[in-house]
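Comments concern the structure below.
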Amino acid sequence: MKKILLLLTGFAGFASGLYAQQMEQPSANYLKGLNSLVKGAPETSQMMKYVDYPVSLFTGTPQIDLPIHTLSGQGISLPVSLSYHAGGGVKVNDLASNCGLGFLLQTGGEISREIRGIADETSAIGFINKAKPLSYYESIRPQYDDDPMALAHFLEWVDVAEGRMDLEPDIFYFNFGGFSGKFIYDELSHTFKNMNTADRKLKFTMAVSGSNSSGFTVTTDDGTRYIFNNVELSHSQNMLVAHAPISPDQVTSWKLSKIVNANATDSIELYYDYYSATFLSLGSSTTYQPINGGGANRSPVLNVFTNNTISGICRLRYIVSRTDSLSLVYAGVNREDFENQKALSKIVVSARGGDVKNIFKLHTSYFTRDAVVGPSPGGSFDQKSLRLDSLSDYGNSESNANPLRHRFAYNESIMMPARLSFAQDMWGYANNNGFAQHMAPPAYLNMGGIPLFLEGANRFPDAQRMKAGILEQVTLPTGGIIRFEYEPNTVSNPGLATLPNAITESHAISDWKGVGQSFAPSYIDSFVVNQAPNLAINANMGGVIAGISFSPDLPDSLRDNGVINGYPVFSLVRAAYPLPGITDPPFAGFSKQYPGYTANVHLPNGKYYLKINDLVNINPPNAANFVRALSFSVNFKVLDTAVAPPQYTAGGLRVKSITSTDPYGGGVKVRTFTYEDASGPWGRLIGPDFHSYVETRMSNGNQFWVRMGNNAMPGQGSMGNAVVYPKVVESVLEGSKQYKTYHSFLSVEPNYMNVLPFVPGTDNEYARGKEIETRWTELSGSTDVTRKRQASVYDYSPPLMPSNPALKIGAIKTVIDDYSESATNGSFPIFSITPYANVLSYVYLTSDSTFEIDNTGNVLQSSNSYTYGSNNKLPLTITSGNSKGELLVQKNGYATDAAEPALAPQPALAAQLTAANRVSDVLASRIYKNGTLLSQTQFKGHFTGSLYLVDSVLTAEYNNALETEARVTEYDTYGNPLTVETRGGRFRKYLWRKERNLPLATCTMPKRGQFVFTSFEYPNEYSTIINANRAVVWPPFSGTYAYNLNGSLIFQGFNTPGNIEVYAWLSQGSFTANGVAAVATGRTKGNWTLYRAEIPYYQTVTIGGACTMDQLAIVPAGSDFDATVYDEQDRVHAKVNGNMQTSFFEYDGFGRLQTIKDEKGNILKNNVYQYQSAQ
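Those letters in the sequence shown? Residues -20 to -1, 1 to 1155, by mature numbering (1 follows the signal peptide of the UniProt record, and there is no 0).
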């Protein structure tokens, strides 16, 4: 097997593929490259959309989200919702999630990844576990035989090329707990790093075991731990390619398994079932055109479909918190669009170990899709897609005849193409392509003066067909309607390949020489440019916007400290005389010596000459023993007059308007959106515009014009192939009111390096899309009057390749591969390596300001500026100004950063907090007004095991000494405060239902003492005093249970001098407190009467008698008291104030608060919910 370099020599158009190699017997490394992003389950792919294509007006994506339930715990929560991602529209290749096409059940989060090369955690050869660092591989470049270690180094590179060593860090996506983004393994620090260095400090830890990871733990900056232990494994095999290997199982997703609060006293756990699925995806669609007379049949059209298999204990079954549980029920029949899989049919929310709270049903059917264009390996499964028709909330019973139902309607006026059909534009949205041989677009070549048109697929966007299948209407339970109208994205990228009337034209000089052979002394070719001003072709300047590529390769002996000397001179000049009728400006000329690629070169109309001179240094005797390649090409777009005028649409859809209709008197509200960038009503396409290039095979000199038909190129950064809009105007018409909101966003262009498509761009994706100005206006007559304006200023890193190795994570891709071609000489083949970087970028909010005019015409202004610490990315200093001319400065101290030395915590405590990653709490602060210290605050605390407990809060005015404002003297085992001493010597006591983290009662008393409150609801409450067997359903006064007292209840610890008050509601019998008979107060509710007794100070209080009682309270006289009674679903059932007055809360079958009543049944508050009775 001969190792052959595929030398990239000319780029043009849209390069979506990862690798350009082509061969008769593809190797494992090549096939892996066709689908670098190893496919995960549809739910994983849908989740990644929210990271790469954010829901924002910046992308024209509306927020469509239906809350289901939030599971809560002590300092932690997990919201569950059903969301729809409308960004761009429905792509032809999209496989519906278990909720329906476009929908995703958001259940806490996951970590997924783009596998680059081999899974990072693979034993011995993965990026994390490899024996040698990247710097070693970057130092060995066995280009030619003059290197004595060439053979050994070459074999090491062969291991890399053939997938036996990994030099590429994977990109990990995360989305959980309000955090989303990407992280990567940093070889220099041997840690995982958030790619947004300005984001709040997240600590990523991977537990590596063998070839598969046993999980991730992510600790947020408040110490909360998110544990991802349930892995989704994936392997794939490329179809329609001979000898395609099956890839090994690799982890594509880590599902959230558990959330643990910072004190490790509470958690939310997620449980999964075993899951296995197989589905097809569309990979490379590539065609090769010989351009130098050789190898006409060596590289056939390659359409690659990949058979993906997903497995693992990764299908969510239920979630459990301390108080609630949420379970998922799947349909009993298999889906018609996904082999052996079942749709989600029901979501059940229950109190943990108790009653059902809500039952949600998902009603589904199927989209019918059109006939396939191209090969059809998926059969009948590709002809349908799961569709969510409605979501119904049945409350606590499925027998509810009037569920609260959301109905969904889609654009079905145009049938979606079959999944994996070639009837899709360059972004993957439906179009009217009927070309079935491959997906590569057409091209026009002019090689050596011989014109050649290569037919191909219609990859142009279709403004109507791209709307197929998108969600257009939500009908609410009230009967109200929310309607979404979409329109195509518009772009103004000069020379965009996929505009409907643009085709590629290429002119190239290319040659190859073997051992002992010489290049000609010089080379020359010519071509003509004659294009009228056009926005897409030449930015209205006339001529064309060209990409120019030039590439010889030389032996190490001609290199000097990494800089290659002796290159030929590549020049492009325009003829001295213009073409008839051409009045374009002169062309200064183009001349380069070092190899590379230059994009966006404006060539005014005229006749041009490609020239290569000074080839002496790459001819014998200087380079007699080496294989050499030479190429110089110019590529640009020209108008194709055979097609209709351009539409300038690209990248799918954006929301045009949202219309809300309220049948209960709210009327109609219409929100209309207009989009633009700095130059006009256009957006910017994020992603390089490449789709073809020249490939040279160094063993025989055969050259091919390669056209790629892929939709997207992984590694482009966030929003790759999305269209973004720096300015959006939102116009609102609501009855007679008209007002507008002007949105301006930070727009940062990615930087694409000159060796595409092999090297991803460098991109500060986190800076893109930040809202930098919002202006609200109201129509007054015919004039828009500004009522409020908010502006923000961000500091961010430019998307540049860093030169400092500490600021980048280097990686290397090779373009070496296997061919079954015989060697023409015995030398090692040339092959090139290209380092690339994943830049660790930053973006900080440095200042913001607000300008507002109130109803009286007064102007109110405020502003803030921020400085940040070097460790955790939270503000150290906040400087604020206002309309009064006041200047306030707040200075903060954290565990890892402090604005002033006096604000820093004790070193030992700081070390403990840092080790636990609890670095976001403000431990001390000072506020200055006009330069004078105004106030001070400081928190003292300590650790008990994993519990961080605040001991005291100290405050001071001006520059006075700090004094204790509050001191916590007692905690329970869960870290809940039991006793707090406040300024003035008063004490506040707390009672908790610890196992459910529910506060039951508080009592503020003049001196430290004890108090009691019980409604006899909860197991283990005063367990050594109250006999739980005597709790009865009477019915009670409040809650679920009352208590049959027959004997005595003895409570101790009342060590506060002064009288003690005892209250209880009785339905029969009587009681005494330390022998003092309780007296009826005259307050009644039904057959219940409130009794009271007042006794002198005793350390022990004994409640005796025979009665049925509820809401027993024992409090020191003169105390402030309040309490809460919960029902079995942990909802507030009653609230008790210091006068022992009780308010009662009632709910409907959907768990919604209906009424609040007093003890006499009077309605204090009444909520009426509007919804249609017949649904």
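Backbone N, C-alpha and C fix where the C-beta goes; we use that ideal spot for every residue, glycine too.
Proximity below 8 angstroms, CB of residue i to CB of residue j
i	j	result
phenylalanine 402	alanine 416	yes
valine 635	alanine 410	no
serine 301	leucine 51	yes
glutamate 997	tyrosine 1021	yes
glycine 161	valine 31	yes
glycine 203	asparagine 844	no
serine 863	valine 839	yes
methionine 1089	alanine 1044	yes
phenylalanine 134	isoleucine 91	no
isoleucine 450	glycine 69	yes
Residue i, buried or exposed, once every other Cβ within 10 Å from all chains shown has been counted against 16
i	result
tyrosine 1149	exposed
serine 1099	buried
aspartate 146	buried
valine 211	buried
threonine 171	exposed
aspartate 405	buried
phenylalanine 340	buried
proline 441	buried
proline 513	exposed
proline 128	exposed
serine 265	buried
histidine 49	buried
asparagine 78	buried
asparagine 835	exposed
glutamine 841	exposed
Span of the alpha helix (DSSP H) around residue i
i	result
proline 887	887 to 895
tyrosine 30	22 to 32
Residue i beta carbon near the ligand NAD (any heavy atom closer than 7 angstroms)
i	result
alanine 890	With respect to the ligand NAD, the structure offers nothing, as it holds no ligand at all.
Beta-bridge pairing of residue i - partner residues as DSSP gives them
i	result
methionine 1089	Tyr1023 and Leu1046
tyrosine 951	Pro957
threonine 639	Arg463 and Val650
glutamine 1032	Thr1080
valine 211	Trp234
serine 995	In the DSSP output, where bridge partners are listed per residue, serine 995 has none listed.
leucine 665	Val703
leucine 633	Gly68 and Pro468
Run of the beta strand (DSSP E) containing residue i, from where it starts to where it stops
i	result
aspartate 150	Element bounds for aspartate 150: n/a, residue is neither H nor E.
phenylalanine 831	823 to 833
isoleucine 394	Segment: none, isoleucine 394 is in no beta strand (DSSP E) and carries neither H nor E.
tyrosine 589	586 to 593
arginine 1063	1059 to 1065
leucine 371	364 to 373
asparagine 844	839 to 848
proline 270	247 to 270
glycine 88	Neither: glycine 88 is in no beta strand (DSSP E) and is coded neither H nor E.
glutamate 751	751 to 760
aspartate 1100	1100 to 1106
glutamine 573	Run containing glutamine 573: none; DSSP gives neither H nor E here.
lysine 768	763 to 776
glutamate 975	That residue, glutamate 975, is in no beta strand (DSSP E); it is neither H nor E in DSSP.
tryptophan 1068	1068 to 1075
lysine 717	717 to 725
glutamine 497	Here glutamine 497 belongs to no beta strand (DSSP E), and DSSP marks it neither H nor E.
Min CB distance residue i to chain B below 8 angstroms
i	result
alanine 526	This model lacks chain B altogether, as it is built from one protein chain only.
What ranges does the alpha helix (DSSP H) occupy inside the stretch 851 to 922, keeping only unbroken runs of at least 4 residues that lie completely in it?
If we require 4 residues or more, the alpha helix (DSSP H) runs fully inside the stretch 851 to 922 come out as 887 to 895.
Uninterrupted beta strand (DSSP E) stretches inside the stretch 312 to 369 (no shorter than 3 residues)
List check, beta strand (DSSP E) in window: 324 to 331 and 336 to 348.
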